[in-house]
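The structure under discussion appears below in the form of structure tokens.
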Amino acid sequence: MRYSQAFIFTRKETPVDAELPSHQLMLRAGYIDQLTAGVYTLMPLAWRSVQKIEHIIREEMNAAGAQEILLPMVQPGEIWMQSGRWEHYGKELLRFRDRKDQDYCLSPTHEEGVTNLVRNYINSYRQLPMNLYQIQDKFRDEIRPRAGLMRGREFIMKDGYSFDVSFDAAEISYKKMYDAYSRIFKRCGLEFRAVEADSGNIGGSHSHEFQVLAQTGEDRILSCPKCGYAANEEKAEVRRDLHDTAFTVSAATPAREEVFTGNAHSIDEVAAFLKISPENSIKTLVYLADGEPVVILMRGNDNLNEIKLAHVLGCTQLVMASDSAIEEIMGAKPGALGPIGIKVPVYADLAVATMHDCVCGANHDDHHFLHVEPGRDFEVKAIVDLLLAQAGDPCPHCGESLQGFRGIEVGHVFLLGTKYSAPMGAVFLDEKGESKPCVMGCYGIGVTRVLAAAIEQYHDDNGINFPTAIAPYQVIVAPMLMKSETVTATADRIYEELTRAGIEVLYDDRDVRAGVKFKDDDLLGIPYRITIGERNLAEGKVEFKHRADKDNEKIDVSEIVEYVKSRIQADLKAV
RNA sequence: CGGGGCGUAGCGCAGUCUGGUAGCGCGUCUGCUUUGGGAGCAGAAAGCCGUAGGUUCAAAUCCUAUCGCCCCGACCA
2 MRYSQAFIFT RKETPVDAEL PSHQLMLRAG YIDQLTAGVY TLMPLAWRSV
52 QKIEHIIREE MNAAGAQEIL LPMVQPGEIW MQSGRWEHYG KELLRFRDRK
102 DQDYCLSPTH EEGVTNLVRN YINSYRQLPM NLYQIQDKFR DEIRPRAGLM
152 RGREFIMKDG YSFDVSFDAA EISYKKMYDA YSRIFKRCGL EFRAVEADSG
202 NIGGSHSHEF QVLAQTGEDR ILSCPKCGYA ANEEKAEVRR DLHDTAFTVS
252 AATPAREEVF TGNAHSIDEV AAFLKISPEN SIKTLVYLAD GEPVVILMRG
302 NDNLNEIKLA HVLGCTQLVM ASDSAIEEIM GAKPGALGPI GIKVPVYADL
352 AVATMHDCVC GANHDDHHFL HVEPGRDFEV KAIVDLLLAQ AGDPCPHCGE
402 SLQGFRGIEV GHVFLLGTKY SAPMGAVFLD EKGESKPCVM GCYGIGVTRV
452 LAAAIEQYHD DNGINFPTAI APYQVIVAPM LMKSETVTAT ADRIYEELTR
502 AGIEVLYDDR DVRAGVKFKD DDLLGIPYRI TIGERNLAEG KVEFKHRADK
552 DNEKIDVSEI VEYVKSRIQA DLKAV
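Just so you know, we're using the numbering used here here: the first sequence kicks off at 2 and counts up by one.
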């Protein structure tokens, strides 16, 4: 491609609206253009990279036995009503009506679509397993889209679905996809971890996320350097030798006493005011579970895992109560809350059962209780594990200290079970002639997010620095002086020969000064640059440089094409 | 959803408080010079001042409504 004709427009200035490096660089380098909140045009450079990522995905999915299809993005509300998600999916599902006043939605995912399809064609165990996938635009009306392609409302997703005769068989399909995903992200050149994850509201029994490691990631993940255990923070377990699910009252604890604690509201402030350890105070949280208030008790220095809590409560919607709601429920403002004398159901973390003679809020503004004895001064509905794991906690498998990372979730695999097949009637007849629902798995990759995550991982002060496998072009040819016929003639020839050799070349034939080309060419993130100038040409040489290298090599003009070919092949083979 | 910020030329912004001919930088176009890390000079084009009402002799500026975009929060008791 000749740069002078290309739809590539760079900017010197960093766009103010963008915060993440990937977002800033994609705007500056002319990869994307924003149309409205969370909706972006992919311009040629981004689209080329996306197509490369898609190509890798297709190769690996096909190799794993999956078949590509394309489901409609516009879906009738009817099939979403059958699965129950018309009611439960919430506002992220963009709904509308057609001229006949029928309900429709833009599909944010395709469990319904694919299950509806499969139930019409799969009737026998002989037809299973079956694995179907697609690469397509999705629309989710996100609460707050942000960070460019990282969390858009419209985005490109690869979604795949497996259908099996049993859970055991589904495990095999799941493992195949897990392995395919590992190969896909490796081939994309990304540093990532596969971590155990919560299944969220898609449902199902277990799942793994594929997390690209990056400081700017929204997810926290924990991994064990010794045994390899890795999990999303919200799913991570901690080894705890705590099993008491009832309080044992200590007779040594004095009678409880209400004291004034002034402006001390947070756990740390109260602990400092009373000169006690935060470990000895009870943190009292108020939540609304499907609208009903519940009170949660944690040891002062522990944090609550909301996902665990939601599982314990069996609720679908869990939100922290607002300050005004808390005052109504508890009779006091946040900062002085406690479990004593309230009528709301109380759940305590396991650690609370080990506490004696502790401190908690008095449900009386600016007052706390001293000498609180769980089991004597208050009772709870249940004592359960609600602890949020953090870096430094002991690994659940081997006890080693867990390491913390930040990650960007680029892929997620779920073993779904029969959550969709059963209500939607995707059933087959087994060997005995019995009708059974298919056991499903579902598998997603955020294709456009992979692109953003790759830039988060591969950039420097001068711009993007893509892995060769997903770069929009492999080589940029930069003649230094367009007036010089020897320079342009050589550049023309190298461009043509490289192109003929199957190399993807961006030919920077713009009639601009060398500095402009260097700055732009660094910004774009193309792995290799061939610089053609009069001085080197006099010796029959051109310069060759990797984007990440400081210095360049001088290569004989006659050898440059073969040399570039071998370097690119080595890059692509290395992964 | 709550809180904050912002809509003026393709991009980044000033002008708004205190109403009175629409400005600056970058980019774009023309010409000359320059040519290995975002060149210099000279000239030029380009704006329903987000939208709709209102106040006024007069509105980017004041008032009302509305639309849009960005950021923050959703571990804090």
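C-beta: ideal position from N, C-alpha, C; glycine also. This one's a predicted model, so the numbers in the text were calculated from it and none came from an experiment.
Taken in chain order, the unbroken stretches of alpha helix (DSSP H) that lie wholly in the region 317 to 354 and span 4 residues or more are 324 to 331. With fewer than 16 neighbouring CB atoms inside 10 Å of its own CB, Val-320 falls in the exposed class.
If you draw a straight line from the Cα of His-369 to the Cα of Asp-386, it comes to about 25 Å. Under a 10 Å Cβ-count criterion, His-209 is classified as buried, with 16 or more other Cβ atoms of the shown protein chains found around its own Cβ. Taking the C-beta atoms as reference points, Ala-427 is found nearer than 9 Å to Phe-164. Taking C-beta atoms under 8 Å as the contact rule, Ile-222 and Ala-231 qualify, at a distance of about 7 Å.
Approximately 6 Å separates the beta-carbon atoms of Cys-396 and Cys-228; this is inside 8 Å, confirming the contact. Of the candidates Ser-183, Asn-304, Glu-293, Arg-300, Glu-293 places its Cα closest to the Cα of Cys-316. Taking all protein chains in view, the Cβ of Pro-255 is surrounded by fewer than 16 other Cβ atoms within 10 Å, so the residue is classified as exposed. When the Cα atoms are used, Met-483 and Arg-29 turn out to be separated by approximately 25 Å.
Secondary structure of Phe-186 (DSSP, three-state): helix. Counting only runs of 4+ residues, the alpha helix (DSSP H) found wholly inside the region 224 to 309 occupies 268 to 275, in chain order.
The beta carbon of Leu-129 is closer than 8 Å to those of Ile-123, Phe-164, Asp-165, Val-166, Ala-170, Phe-429, Cys-439 in its chain, skipping five residues each way along the sequence. Beyond the five residues adjoining it in sequence on each side, Glu-280 comes within less than 7 Å, by CB distance, of Arg-300, Gly-301, Asn-302 in the same chain, given in chain order. For Arg-86, the enclosing alpha helix (DSSP H) begins and ends at 86 to 89.
Look at Asn-121 here: in three-state DSSP terms it is helix. With contacts defined as CB atoms closer than 9 Å, Tyr-32 and Leu-507 fail to qualify as a contacting pair. Cβ-Cβ distances below 7 Å link Met-44 to Phe-8, Gly-31, Tyr-32, Ile-33, Asp-34 in the same chain, with the five nearest sequence neighbours on each side left out; the list follows chain order.
Residue Ile-531 holds the alpha-carbon nearest to the alpha-carbon of Glu-563 among Ala-549, Ile-531, Glu-410. With 16 or more other Cβ atoms inside 10 Å of its own Cβ, Asn-132 counts as buried. Here DSSP, grouped into helix, strand and coil, assigns Gln-103 to coil. Below 8 Å, too few C-beta pairs join the region 509 to 517 and the region 447 to 456 to call them touching: fewer than three. Below 8 Å, enough C-beta pairs join the region 247 to 262 and the region 372 to 391 to call them touching: three or more. Beta-carbon to beta-carbon, Asn-364 and Ala-337 are separated by about 7 Å, close enough to satisfy the 8 Å threshold. Following the DSSP letters along the chain, one finds Val-411 in no alpha helix (DSSP H) but inside the beta strand (DSSP E) bounded by residues 404 to 418. Comparing alpha-carbon positions, the option among Tyr-90, Arg-184, Gly-263 lying closest to Phe-274 turns out to be Gly-263.
In the DSSP assignment, Glu-210 falls within the beta strand (DSSP E) that extends over 207 to 214.
Exclusion of the five residues before and after Arg-98 leaves Asp-104, Tyr-105 as the residues of its chain whose Cβ lies within less than 7 Å of its Cβ. Contact between Ala-38 and Pro-109 is ruled out by a C-beta separation of about 16 Å, above the 8 Å threshold. Rounded to the nearest whole angstrom, the CA to CA distance from Lys-309 to His-244 is 16 Å.
Taking all protein chains shown into account, Thr-42 has fewer than 16 neighbouring C-beta atoms within 10 Å of its C-beta and is therefore exposed. The C-beta separation of Tyr-162 from Cys-443 comes to about 5 Å, placing the pair in contact by the 8 Å criterion. For the options Gly-393, His-398, Val-414, Gly-412, the alpha carbon positioned closest to that of Gln-404 is the one of Gly-393. Remark: C-beta atoms of Leu-351 and Arg-188 do not approach each other more closely than 9 Å. In this structure, Lys-566 is the residue among Glu-20, Lys-566, Phe-156, Leu-525 with its C-alpha nearest to the C-alpha of Leu-499. Judged by beta-carbon spacing, Asn-233 lies within the 9 Å limit of Asp-199, meaning their Cβ atoms are closer than that value.
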